[in-house]
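Student: No gaps in the numbering here: position 16 of the sequence shown is 5 in the working numbering, and each next residue is one more.
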Amino acid sequence: MNIYAKISKKGQITIPKSIRESLRLGNNSAILFILENGEVKIKGVPGGSAESLAGSLKKFAKKYEPLDKIRVKIQEEIAHEADKDQG
-10 MNIYAKISKK GQITIPKSIR ESLRLGNNSA ILFILENGEV KIKGVPGGSA ESLAGSLKKF
50 AKKYEPLDKI RVKIQEEIAH EADKDQG
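1) Which of helix, strand or coil does DSSP assign to Leu12?
2) Please report how far the alpha carbon of Pro55 lies from the alpha carbon of Asn17, in whole angstroms.
3) On the three-state DSSP scale, how would you describe Glu65?
4) Going by DSSP, what residue range makes up the beta strand (DSSP E) through Gly33?
5) Which first and last residues belong to the beta strand (DSSP E) in which Ile23 is found?
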């Protein structure tokens, strides 16, 4: 599937709805940009349900980390695993 998207003055693009739906991307999702040999690969990282777990493991935590930082780490790990699977 090839879909064209324009870049705004601010360097932003809109991910077409058909792509978002196909990759199950919604609120709190992320996109991983991979630059290889002059080409860019874009991988979707669906948002998880980390917010529903917030605070549930507090007694096991060694230090406090804000949920937004944890979410970024989780999305990076998911993207890394997806990239390895594509391989």
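From the three backbone atoms N, C-alpha and C, an ideal C-beta is built for every residue, glycine too.
Tutor: If we stick to the structure as given:
1) For the purposes of this step, residue 12 is taken as residue 23 along the sequence shown, with counting starting at 1. Correct three-state label for Leu12: coil.
2) Indexing the sequence shown from 1 puts residue 55 at position 66. Indexing the sequence shown from 1 puts residue 17 at position 28. One C-alpha to the other measures close to 15 Å.
3) Within the sequence shown, residue 65 is the residue found at index 76, counting from 1. The answer is helix: DSSP assigns Glu65 an H, G or I state.
4) Position 44 of the sequence shown, counting from 1, holds the residue named residue 33. Where Gly33 is concerned, the enclosing beta strand (DSSP E) stretches over Glu28 to Val34.
5) One-based indexing of the sequence shown puts residue 23 at position 34. Segment Ala19 to Glu25, the beta strand (DSSP E) holding Ile23.
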